[in-house]
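*Asks:* Input: one structure, supplied below.
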Amino acid sequence: VVQERRKYGKIGWNITYDFNENDFRVCMNILQTYLCKAHASKDEKIPWTSLKYLIGEVMYGGRAIDNFDRRVLVTYMDEYMGDFLFDTFQPFHFHKSAEADYLVPKVQTREDFMAYIESLPLANGPDVFGLHPNAEIGYFTDTVREMWTQLVELQPQTGGGDSGGSREGFIADIAKGILAKLPAPFDLERLRSSFGAEASPTQVVLAQELERWNKLVAHMQSTLSDLLKALSGEVGMSSQLDEIARSLYNGQLPAPWRRLTPDTLKTLGNWMVWFERRYQQYDLWTKQGDPVVMWLSGLHIPESYLTALVQTTCRKHGWPLDRSTLYSAVTPHTDAGTIDERLQSGCYVSGLYLEGASWDPRATALAPPLPKQLSQELPILQIIPVETQKLKLHGTFRTPVYTTSNRRNAMGIGLVFEADLATHEHKSHWTLMGVCLTLNSN
490 VVQERRKYGK IGWNITYDFN ENDFRVCMNI LQTYLCKAHA SKDEKIPWTS
540 LKYLIGEVMY GGRAIDNFDR RVLVTYMDEY MGDFLFDTFQ PFHFHKSAEA
590 DYLVPKVQTR EDFMAYIESL PLANGPDVFG LHPNAEIGYF TDTVREMWTQ
640 LVELQPQTGG GDSGGSREGF IADIAKGILA KLPAPFDLER LRSSFGAEAS
690 PTQVVLAQEL ERWNKLVAHM QSTLSDLLKA LSGEVGMSSQ LDEIARSLYN
740 GQLPAPWRRL TPDTLKTLGN WMVWFERRYQ QYDLWTKQGD PVVMWLSGLH
790 IPESYLTALV QTTCRKHGWP LDRSTLYSAV TPHTDAGTID ERLQSGCYVS
840 GLYLEGASWD PRATALAPPL PKQLSQELPI LQIIPVETQK LKLHGTFRTP
890 VYTTSNRRNA MGIGLVFEAD LATHEHKSHW TLMGVCLTLN SN
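Residue numbers (this note's numbering): 490 to 931.
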C-alpha cells in the first residue's frame with residue numbers, strides 16, 4: 490500500500506520515501522513475535538496498540554519526516570489493524586469493488602491462500618488505497634506535463650516565432666511587452682514615515698513585502714534591459730541572460746526571477762497575470778489600509794501576515810502569544826466584493842484551492858471531489874485568532890494549507906498554516922484521500 494501510493498505523487502505522499510522490502514520483513518517478524526508470544530501465554534487479546542506503534546510509528550513512521558505523511562501511516566494502522574478483522578457478524582473488507590474484494594479469506598491451507606491471491610487483479614486503481622479515482626487523472630496529467638516540458642526544452646532554439654520573425658525578434662518583443670507592464674517601485678521611506686512612531690504588525694509585514702517586491706521589479710527591469718542590449722549586440726550575452734532568453738522563448742518563468750518571487754508552478758503568461766494582480770493588492774493596501782479580504786496567494790511570505798494577525802489580537806486582548814492559535818471557518822461568500830466590513834479580529838482570505846475533495850455549500854462541509862475536477866476554488870475563508878485553551882472543535886478536519894500543489898518538500902518548506910474544514914465523514918476518510926488546500930492553481 491505505501492509503495493503503490495507513491496505512484497500518485499504529492500496527493501499520495503508529500504515526500505517520496507524509500508520504503509523497501511526490509512521494512513516489510515522486519516514488520517512481519519515483529520508481528521510473528523507478538524502473535525507467538527500471545528499464543529504461548531494463552532492470551533486471547535492481540536496487543537494491537539504495541540503493534541500499531543512499532544509498525545506505524547517506528548518502522549514506517551520513522552522514515553516519515555512530514556507530520557501529515559505520518560498521519561496517513563497512523564490512519565492506515567487504525568483502519569487495517571484491530572479485532573474487527575475477525576468479526577464474524579460484520580466481515581471486514583480492506584477494499585471492496587466490482588473488480589476485487591480485499592479481505593482476510595476464510596481458508597486454512599497455503600494453496601487456498603495462494604489461489605485467493607492469484608485471483609486479485611495485477612493493477613490497482615487509486616481507490617484501493619483510499620484515494621479518489623481523480624488521483625489517476627492527476628498522475629497522467631503530471632506525467633504528460635513533465636514530458637511536454639522536456640519536449641519544449643529539446644526543441645530547436647533557432648526557429649522563428651508565431652509571427653514568422655527570428656528567434657531574437659520574438660524574444661525582444663516579449664521582453665519589451667513585460668518591460669512596459671513593470672510598475673514603478675514603491676517609496677518605502679515615505680510609507681514608513683506614514684506609519685507613525687509605532688507601526689502595527691500588519692504594517693511591518695506590508696513594508697517587508699514591498700521591500701521584496703521592489704527587489705523583484707528592479708531585477709526584472711535590469712535583466713530585461715540588459716537582454717535587449719545583448720540581442721542588439723551592444724553588450725555580450727552572459728549565461729544568465731541566455732537562460733532568461735531561453736525561458737522567455739519557451740514561455741517559462743526565468744529561474745533568476747523565480748528566486749525572488751513566491752513559489753509558483755505557473756507558466757510565464759499566467760505568472761504575469763498573477764504579477765499584475767499582486768501589484769494591485771499592494772497598491773490598494775498602501776492607500777486604503779489592510780484589505781477587507783486578503784488575497785493570501787499574492788503575499789511573498791503569507792504566514793508572516795497570519796502571525797501579525799495573531800500578534801495584533803494578543804496585544805488587543807492581553808493574551809499570551811504562545812497560547813494563541815488560528816481558527817478558520819468557510820463562509821458562504823464566493824465573491825470578495827460582497828464583503829464590506831473587515832473582521833474585528835482576524836481576516837477574510839480568498840484564493841484557496843481544495844485538492845482531494847470538493848466543498849458542498851448546502852451541507853457546508855467537505856464532499857467527494859467531482860469527477861475529472863482535480864481542484865476546486867474554496868469559498869472565502871475567515872481566519873480568527875483565538876486562545877488555544879478555548880478552542881474546542883468537533884466535526885472538523887485539520888487541513889494543511891500549502892503554497893502550491895507541490896505541497897511540502899523535505900526541507901519543510903511550503904506549509905503555510907492549517908485550516909479547519911467541516912466534515913460529516915470520519916477524519917480518516919479525508920486523510921487517506923490526501924485532502925489539502927493550496928494558495929495557487931497551476
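Yeah, the Cβ is synthetic: ideal placement off N, Cα and C, and Gly gets one too.
Cα-Cα, which of 823, 797 and 516 is closest to residue 690?
*Replies:* 797
*Asks:* Would residue 783 be called buried (16 or more neighbouring beta carbons within 10 Å of its own) or exposed?
*Replies:* Classification for residue 783: buried.
*Asks:* Count the C-beta pairs between the segment 810-821 and the segment 760-770 that are closer than 8 Å, then say yes if the count reaches three, no if not.
*Replies:* no
*Asks:* Give me the residue from 872, 739, 838 and 882 with the minimum Cα distance to residue 866.
*Replies:* 838
*Asks:* Do residue 749 and residue 733 have their beta-carbon atoms positioned less than 7 Å apart in this structure?
*Replies:* no
*Asks:* Shortest alpha-carbon distance to residue 889 belongs to which of 824, 556 and 535?
*Replies:* 556
*Asks:* Between the C-alpha atoms of residue 523 and residue 845, what's the straight-line distance to the nearest angstrom?
*Replies:* 37 Å
*Asks:* Assuming residue 799 is part of the alpha helix (DSSP H), what are its boundary residues?
*Replies:* 791-806
*Asks:* Name the one or two DSSP bridge partners that residue 552 has.
*Replies:* Its beta-bridge partners do not exist; DSSP assigns none.
*Asks:* Please name the residue or residues paired with residue 842 in a DSSP beta bridge.
*Replies:* DSSP, once it has assigned bridges, lists 866 and 927 as partnering residue 842.
*Asks:* What ranges does the alpha helix (DSSP H) occupy inside the segment 607-686, keeping only unbroken runs of at least 4 residues that lie completely in it?
*Replies:* 623-643, 656-670 and 677-683
*Asks:* So, does the segment 511-523 touch the segment 628-640, judging by three or more C-beta pairs under 8 Å?
*Replies:* no
*Asks:* Where do the N-terminal and C-terminal ends of the beta strand (DSSP E) with residue 499 fall, by residue?
*Replies:* Neither: residue 499 is in no beta strand (DSSP E) and is coded neither H nor E.
*Asks:* So, with DSSP's three-state summary, where would you put residue 861?
*Replies:* Coil at residue 861, not helix or strand.
*Asks:* Quick one: measure Cβ to Cβ for residue 497 and residue 620, integer angstroms, because I've assumed they're closer than 8 Å.
*Replies:* Contact holds; Cβ gap of about 6 Å.
*Asks:* Thinking just about the alpha-carbon of each residue, which of 642, 678 and 721 is nearest to the one in residue 665?
*Replies:* 721
*Asks:* Please return the same chain residues whose Cβ sits closer than 6 Å to the Cβ of residue 650, not counting the five positions on each side in sequence.
*Replies:* Low confidence applies to residue 650: its pLDDT is 47, below 50, so where it sits in the model is not reliable enough to give any reading.
*Asks:* Please return the same chain residues whose Cβ sits closer than 7 Å to the Cβ of residue 641, not counting the five positions on each side in sequence.
*Replies:* 739
*Asks:* Spatial neighbours of residue 754 within its chain, please: CB distance less than 8 Å, with the 5 preceding and 5 following residues excluded, ordered by chain position.
*Replies:* 893, 894, 895, 929 and 931
*Asks:* Classify residue 840: buried if its beta carbon has 16 or more other beta carbons within 10 angstroms, exposed otherwise.
*Replies:* Residue burial annotation: residue 840 is buried, with at least 16 other C-beta atoms found within 10 angstroms of its C-beta.
*Asks:* Could you check what DSSP says for residue 883 in three-state terms: helix, strand or coil?
*Replies:* coil
*Asks:* Count the other C-beta atoms from every protein chain shown that fall within 10 angstroms of the C-beta of residue 582, then say buried if there are 16 or more, exposed otherwise.
*Replies:* It counts as exposed.
*Asks:* Nearest by alpha-carbon distance to residue 680: which of 809, 778, 628 and 915 is it?
*Replies:* 778
*Asks:* Pick out whichever of 537, 911, 768 and 590 has its Cα sitting closest to the Cα of residue 698.
*Replies:* 768
*Asks:* Using three-state DSSP, classify residue 829 as helix, strand or coil.
*Replies:* coil
*Asks:* Can you name the residues that DSSP bridges to residue 817?
*Replies:* 872
*Asks:* Please confirm if the segment 495-509 is in contact with the segment 539-556, defined as three or more CB-CB distances below 8 Å between the two stretches.
*Replies:* Between the segment 495-509 and the segment 539-556 there are three or more C-beta pairs closer than 8 Å, enough to call the two in contact.
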